[in-house]
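Engineer: First the structure, then my questions, so here it is.
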Amino acid sequence: MQIGFSYECLLESTFTGYLLHCKGWTSVYLYPKRPCFLGCTTIDMKDAMVQLMKWNSELIRVGLSKFSPITYGVSRMSILQSMCYGYFTLQPLLSVALLLYAIVPQFCLFNGIALYPKVSNPWFAVFSILYISSLCQHLYEVLSTGATLRTFWNEQRIWIIKSVSGSLFGCLDVIMKRIGIQKAKFRLTNKAVDKEKLDQYKKGRFNFQGAALFTVPLTILVILNLVCFFGGLRRVILESNIEVMFGQLDSIDMENPDLPLHLCHAHNFSIIISKFHAFFHCIALAFLVYYRASFLFQETRPAPIIPWLLVFASELLLSFIWLIGRAYHWHPVSRTAFPKRLPGDDKLPAIDVFICTADPEKEPTFEVMNTVLSAMALDYPPEKLHVYLSDDGGSPLTLHGMREAYRFAKWWLPFCRRYGIKTRCPLAYFSAPENEDGSDIFVDGDQFVAEKNNIKKKYDTFKECLKSTKKEEDYWGNKRDHPSIIEVLQDTSSKTMQEDRVNYLPLLVYIAREKRPSHPHHFKAGAINVLLRVSGVISNSPYILGLDCDMYCNDPSSARQAMCFHLDPKISTSLAYVQFPQKFHNVGEHDIYDGHLRSAYGMNWQGMDGLTGPVLSGTGYYLKRESLYGHFPGQGADLLELKTCFGSSNLFIKSLRQNMVDGGNFSTTLLQEAKVLASSAYESNTEWGEKVGFLYQSVAEDFFTGFILHCKGWKATYLTPSRPQFLGSATTNLNDLLIQGIRWSSGLIQVGISRFCPLLYGSLRMSFLQSLCYGELALFPLFYCLPLWCFATVPQLCLLNGISLYPEVSSPFFIIYFLIFLSALSKHLLEVLTTGGSIETWRNEQRLWMIKSIASHLYGSLDAIMKTLGLRQASFQPTNKVLDEEQAKIYQMGKLDFQTSPMFLIPLVFVIILNATCLVGGITRIVFVGNWNKMLVQILLPVYILIINYAIVEGIIVRKDKGRISPAITRLSTVLVIYFFLGAFFLLY
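To convert, take the position in the sequence shown, counting from 1, and add 185; that gives my numbering.
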């Protein structure tokens, strides 16, 4: 090492010269006209590539070692000299970049994705200058050294060939040597002269004989580039987007009267990353399946068959649900709306707002009325806005609140319109800091402050009136047995809307549908269908805004933004709804319960929007009324057919053929007809809930109805403006989160295991990718809970008993498992970070994924299966919206609140105790037996589970507050673990 030629590198001369320069020695280079020495060069492809692979392998080996010129040489020689050596040793790594340039742009061309600036964009000139500059510099160097244009062409060509073959294999060779898979060896360059090869060389032809290893990547790349070129050219010609791929004008003429109402932007970077990740992840999964399947054909198996099959089945289920979930990432898009380009108010269609509430105890009346007021205050022509509140609890408190809200609206709405207030929910407006109240217009500061203070006094009176009203026992019967109650509140002033537009109030209607124990009421879907019928004879607006009672309008422009899509003649005929994301005002800093619903509203819905549209999400949607009326043939159906479908009301059937009903005069006859439409028996022997309106087959009525709309050919769009259009109340405790998860899981699984399974029913009626998205949603609770229960128990039991289920560390398949695990976590982390999350968000989502799969997904799946088998009746439990101060304090501290049912806690604590016990017992066994090599994966698995779920461990051992896990739950779970160990004996032996 210190004397003579160095043994560190097979390029002994180069490395020894480098070390001499590091020691302070210098050298000179002499280039006489007459060559002093002559040798034999390579004359065929194989010898050239073998020689190049040897050189590059050793150069990279030096560049990545402790003797790297970038780190070792820079302190021992001049910086320019070290840069020359650094370039020399790391240059082969450029082959990776050239390989990407030979694949990625071509792949994007084939898929119509532009990666470079448009021709008219100034950045296009920058790319052009860089490209031309590099070619000119190379050409100048060639010509200045006495060569020709042919030499320039040959050097460009051989540079590409070497980079994607010899240099690339040199990189792979050094990697294999570094990890010990391959030993260092010296390949002699062939000096024997073959006449046939010499003849081809003199004719200027490549000789590819015996160079299959190197010609395969070349051939693949040539075919890929040809296919992508002609396929991309065909796409460009057929879609007439030559300007997009080669550059197009980026600016928009704002004076053009035909400006688009909205624009769509594809997430090109995300698309490329996701497709490449999916490709390589699928290859790794294929090796995993091969490894597991080969076990079944072995004559002597090293492990019991049952745990091996359970783990294999779990891996297949997770792989399957992951694979169909790639459809979300196929073509995600974002949309931008331009409300200012809409036609005048007189040409805008009418909108009916549907707000549903069910229980004033869980959904406080004051908060519900704030939602009502925010809907009434939308920036939309008030004569074309009608707000309906469905009170499924039939509570006089809610009706009283409606009347008080309407009185307060006479002050609140003019104030918002006069000063351009953006935050039009009174509770949110008066709770915000002074400088964040959302005022757009300040005509007179003193006048504004005085009027604001006056409105604040009236708001306090309104608030006190609602909160001081005592609970009344008379529910016109009781919550589950009462007649239909309908009350219309409207502006009775003599001035018309044209005379006093600022003070004009939208129509407000209270509806408590009839409920009888003898008739099913179908929960929220039944309530919405009643709203559809009653509104059909009162206002009959062509579009409907659906809102949950806690989801107030945070931006008054949402209606106009939605109309940018509904009024676009290119898409309006097939557009069923415009969906806005659900966002929440009470999400804590730590967001331990995933209140942002980042995965769904931040990624998946955008992915579905790039196909045929997102899921109908229960709230925050603008829906076309016509889409809910099934296959209504318009002018072709007779009266009997319509009554069979829609019921016996002639007035409602008449509304099917006209848009808006004159709502100025509400006669007693009209209100009586509306009560008939809200009666519990009206839907008997009709198609309501089966083919018309919101559908009853699942408690996830929004998901199922949206799915059927897509099956019928309707489309949807997803709009995510920078300012949230609607804000609701997120769950802030574990109990509400898991109860909500059970309801969602049950509704989704009901669809997934029915005849309407999206993978079967949907694949024939919508795009294949769209059906995969719906299939993933319908099946993920079941396909997550089963594998995660297996991974949380079976490998740990085998670890405790010394049974290996995974490959040894020295096995190549260990790398496969490691890459799959790392790939999944890295992709999830990338998605979290690119959507504005943090590492803490990633950790929280990993933890909630495990908690929900073990608890709520399990119970939700069992509930759906029992309902399908007829062993259980459908039920619906509203999410609690009442704020508990103690729970809120725990939530803001970022701690899980374990004050929940034992049915949720026992599975969680059971899994934690089982993993901790098996980890300690397994490590103890390994210390004495010494088979770390075989059991490493099964050690890392419980370690990962315990680290991610440390909050549960903390709730069992550390915490002493009221939100901790009860010792009784811990003791019961420990007993269950002991029984499980005893019963598992039959599983393993």
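Even glycine gets a Cβ: it sits at the ideal position worked out from N, Cα and C.
Could you work out which residue in 919, 204, 901, 863 is closest to residue 1086 when comparing CA atoms only?
Structural biologist: Along the sequence shown, one-based indexing puts residue 1086 at 901. Per the Cα distances, 919.
Engineer: Hey, how far is the Cα of residue 196 from the Cα of residue 471?
Structural biologist: Within the sequence shown, the letter at position 11 stands for residue 196. Within the sequence shown, the letter at position 286 stands for residue 471. Between residue 196 and residue 471, the C-alpha separation is close to 39 angstroms.
Engineer: Within 10 angstroms of its Cβ, does residue 127 collect 16 or more other Cβ (buried), or is it exposed?
Structural biologist: No information on residue 127 is available, as it lies outside the stretch 186 to 1174 that the chain covers here.
Engineer: Can you say whether residue 389 is buried or exposed, counting buried as having 16 or more other CB atoms within 10 angstroms of its CB?
Structural biologist: Here residue 389 refers to the residue found at position 204 of the sequence shown. Exposed, since its Cβ has fewer than 16 Cβ neighbours within 10 Å.
Engineer: Apart from the five residues just before and just after residue 1103, which ones in its own chain have a Cβ nearer than 8 angstroms to its Cβ?
Structural biologist: Translated into positions along the sequence shown, residue 1103 becomes position 918. Result list for residue 1103: 981, 982, 984, 985, 1127, in chain order.
Engineer: List the endpoints of the continuous beta strand (DSSP E) containing residue 474.
Structural biologist: Taking the first residue of the sequence shown as 1, we reach residue 474 at position 289. Careful: residue 474 lies outside any beta strand (DSSP E), inside the alpha helix (DSSP H) at 453-480.
Engineer: In terms of alpha-carbon separation, which member of 549, 1152, 209, 718 lies closest to residue 838?
Structural biologist: Within the sequence shown, the letter at position 653 stands for residue 838. Looking at the Cα atoms, 718 is the closest of the given residues.
Engineer: Across which residues does DSSP place residue 540 in a beta bridge pair?
Structural biologist: Numbered from its first residue, the sequence shown carries residue 540 at position 355. BP columns for residue 540 point to 574, 732.
Engineer: Between the beta-carbon of residue 666 and the beta-carbon of residue 700, is there less than 9 angstroms?
Structural biologist: Here residue 666 refers to the residue found at position 481 when the sequence shown is read from its first residue. Here residue 700 refers to the residue found at position 515 when the sequence shown is read from its first residue. Contact: yes.
Engineer: Thinking C-beta only, is residue 556 closer than 9 angstroms to residue 732?
Structural biologist: Within the sequence shown, numbered from 1, the residue matching residue 732 stands at position 547. Within the sequence shown, numbered from 1, the residue matching residue 556 stands at position 371. Result yes, Cβ atoms of residue 732 and residue 556 sit closer than 9 angstroms.
Engineer: Tell me which residue opens and which closes the alpha helix (DSSP H) that residue 961 is part of.
Structural biologist: Residue 961 sits at position 776 when you count from the first residue of the sequence shown. Its alpha helix (DSSP H) spans residues 953-976.
Engineer: With DSSP as the reference, label residue 738 as helix, strand or coil.
Structural biologist: The count along the sequence shown starts at 1 and reaches residue 738 at position 553. Here residue 738 sits in strand by DSSP.
Engineer: Rounding to the nearest angstrom, what Cα-Cα distance links residue 670 and residue 663 in this structure?
Structural biologist: Position 485 of the sequence shown, counted from the start, is the residue given in the question as residue 670. Position 478 of the sequence shown, counted from the start, is the residue given in the question as residue 663. One C-alpha to the other measures close to 13 angstroms.
Engineer: Please report the distance separating the alpha-carbon of residue 430 from that of residue 969.
Structural biologist: Residue mapping note: residue 430 aligns to position 245 of the sequence shown, counting from 1. Residue mapping note: residue 969 aligns to position 784 of the sequence shown, counting from 1. Low confidence applies to residue 430: its pLDDT is 41, below 50, so where it sits in the model is not reliable, and the reading given next is rough at best. Cα to Cα, the separation comes out at about 41 angstroms.
Engineer: Which word fits residue 449, buried or exposed, when buried means at least 16 other C-beta atoms lie within 10 angstroms of its C-beta?
Structural biologist: Sequence index remark: in the sequence shown, residue 449 carries index 264 (1-based). So residue 449 counts as exposed.
Engineer: Going by other Cβ atoms of all chains shown within 10 Å of its Cβ, with 16 needed for buried, is residue 610 buried or exposed?
Structural biologist: Translated into the one-based positions of the sequence shown, residue 610 becomes position 425. With 16 or more Cβ atoms within 10 Å of its Cβ, residue 610 is classed as buried.
Engineer: What three-state label does DSSP hand residue 329 in the structure shown?
Structural biologist: Walking along the sequence shown from the start, residue 329 turns up at place 144. Note: residue 329 maps to helix in three-state DSSP.
Engineer: Can you tell me which of the three DSSP states residue 522 falls into?
Structural biologist: Indexing the sequence shown from 1 puts residue 522 at position 337. Strand, per DSSP.
Engineer: Counting along the chain, where does the beta strand (DSSP E) carrying residue 341 start and finish?
Structural biologist: Residue 341 sits at position 156 when you count from the first residue of the sequence shown. Residue 341 -> not in any beta strand (DSSP E); alpha helix (DSSP H) instead, spanning 334-348.
Engineer: My guess is that residue 563 and residue 741 are in contact by the Cβ rule of under 8 angstroms, so how many angstroms apart are they, rounded?
Structural biologist: On the sequence shown, position 378 is the one that residue 563 refers to. On the sequence shown, position 556 is the one that residue 741 refers to. That pair is a contact at about 5 angstroms.
Engineer: Short of 7 angstroms in beta carbon distance, which residues of its chain neighbour residue 905, apart from the five on each side in sequence? Order them along the chain.
Structural biologist: In the sequence shown, residue 905 corresponds to position 720, counting from 1. Here the set comprises 519, 766.
Engineer: Just verifying my parser: in three-state terms, what is the DSSP assignment at residue 194?
Structural biologist: For the purposes of this step, residue 194 is identified with residue 9 of the sequence shown, where counting begins at 1. Coil.
Engineer: Take residue 1138 and list the residues in its own chain whose beta-carbon comes closer than 8 angstroms to its own, dropping the five residues that flank it on each side.
Structural biologist: For the purposes of this step, residue 1138 is taken as the residue at position 953 of the sequence shown. Excluding positions up to five away in sequence, the list reads 1097, 1101, 1131.
Engineer: Would you list the one or two residues that DSSP bridges to residue 449?
Structural biologist: Reading the sequence shown from its first residue, position 264 is the one you call residue 449. Answer is 520.
Engineer: Grouping DSSP H, G and I as helix and E and B as strand, with all else coil, what is residue 1138?
Structural biologist: The count along the sequence shown starts at 1 and reaches residue 1138 at position 953. Looking at residue 1138 - three-state DSSP - the assignment turns out to be helix.
Engineer: For residue 691, count the other beta carbons within 10 Å of its own beta carbon; 16 or more makes it buried, fewer makes it exposed. Which is it?
Structural biologist: Translated into the one-based positions of the sequence shown, residue 691 becomes position 506. By the neighbour-count rule (16 or more Cβ atoms within 10 Å), residue 691 is buried.
Engineer: Determine the direct distance from the alpha carbon of residue 630 to that of residue 860, and round the result to whole angstroms.
Structural biologist: Locating residue 860 in the sequence shown gives position 675, counting from the first residue. Locating residue 630 in the sequence shown gives position 445, counting from the first residue. Taking the straight line joining both Cα atoms gives about 48 angstroms.
Engineer: Below 9 angstroms between beta carbons: does that hold for residue 324 and residue 315?
Structural biologist: As a working note, residue 324 is residue 139 in the sequence shown. As a working note, residue 315 is residue 130 in the sequence shown. No, they are not a contact pair.
Engineer: Starting from residue 913, trace the beta strand (DSSP E) both ways and give me its first and last residue.
Structural biologist: Counting from 1 along the sequence shown, the entry for residue 913 is found at position 728. Its beta strand (DSSP E) spans residues 911-913.
Engineer: Which partner residues of residue 672 appear in the DSSP bridge assignment?
Structural biologist: As a working mapping, residue 672 is identified with position 487 in the sequence shown. For residue 672, which the question treats as bridged, DSSP gives the partners 695.
Engineer: Write down the C-beta distance between residue 1158 and residue 1094 rounded to the nearest angstrom, noting that I regard them as a contact closer than 8 angstroms.
Structural biologist: Stepping through the sequence shown from its first residue, residue 1158 is reached at position 973. Stepping through the sequence shown from its first residue, residue 1094 is reached at position 909. Indeed they touch by this definition, with Cβ atoms about 4 angstroms apart.
Engineer: In or out: residue 595 buried (at least 16 other Cβ within 10 Å) or exposed?
Structural biologist: If you number the sequence shown from 1, residue 595 lands on position 410. Answer is exposed; the Cβ neighbour count stays below 16.
Engineer: Can you grab the Cα-Cα spacing for the pair residue 1007 / residue 466, in whole Å?
Structural biologist: Translated into the one-based positions of the sequence shown, residue 1007 becomes position 822. Translated into the one-based positions of the sequence shown, residue 466 becomes position 281. The straight-line gap from Cα to Cα measures roughly 10 angstroms.
Engineer: Starting from residue 146, follow the alpha helix (DSSP H) in both directions and report where the run begins and ends.
Structural biologist: Only positions 186 to 1174 of the chain appear in this structure, which leaves residue 146 out of reach.
Engineer: Between which two residues does the beta strand (DSSP E) holding residue 808 run?
Structural biologist: On the sequence shown, position 623 is the one that residue 808 refers to. From DSSP, the beta strand (DSSP E) with residue 808 extends over 806-809.
Engineer: What distance in whole Å lies between the Cβ atoms of residue 291 and residue 453, which are believed to be in contact at a cut-off of 8 angstroms?
Structural biologist: The sequence position of residue 453 within the sequence shown is 268, counting from 1. The sequence position of residue 291 within the sequence shown is 106, counting from 1. Their Cβ separation, rounded to whole angstroms, is 15 angstroms, which puts residue 453 and residue 291 out of contact at 8 angstroms.
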